[in-house]
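Trainee:
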Amino acid sequence: MLREENESIFDKLRLEEERCKEAEARVRELEKQ
Numbered sequence: 016m017l018r019e020e021n022e023s024i025f026d027k028l029r030l031e032e033e034r035c036k037e038a039e040a041r042v043r044e045l046e047k048q
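Numbering of the sequence shown is given in our numbering, commencing with residue 16 and proceeding in unit increments.
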């Protein structure tokens, strides 16, 4: 049971990280303009 919860949390963290990277990429694109 605990492992399933950990995997769920890990997936959420990975999604957050992807969102952060996408946001940073967008900011860089805006700064270039």
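For glycine and all other residues, C-beta sits at the position ideal for the given N, C-alpha and C.
Would you tell me roughly how many angstroms separate the C-alpha atoms of SER23 and ARG29, rounded to the nearest one?
Mentor: Going from the Cα of SER23 to the Cα of ARG29 covers about 10 Å.
Trainee: In angstroms with no decimal places, state the Cα-to-Cα distance between GLU20 and CYS35.
Mentor: Answer to the nearest angstrom: the Cα atoms are 23 Å apart.
Trainee: From ARG41 to GLU31, what does the alpha carbon distance come to, in whole angstroms?
Mentor: Those two C-alpha atoms are separated by around 15 Å.
Trainee: From LYS47 to GLU39, what distance separates their C-alpha atoms?
Mentor: Those two C-alpha atoms are separated by around 13 Å.
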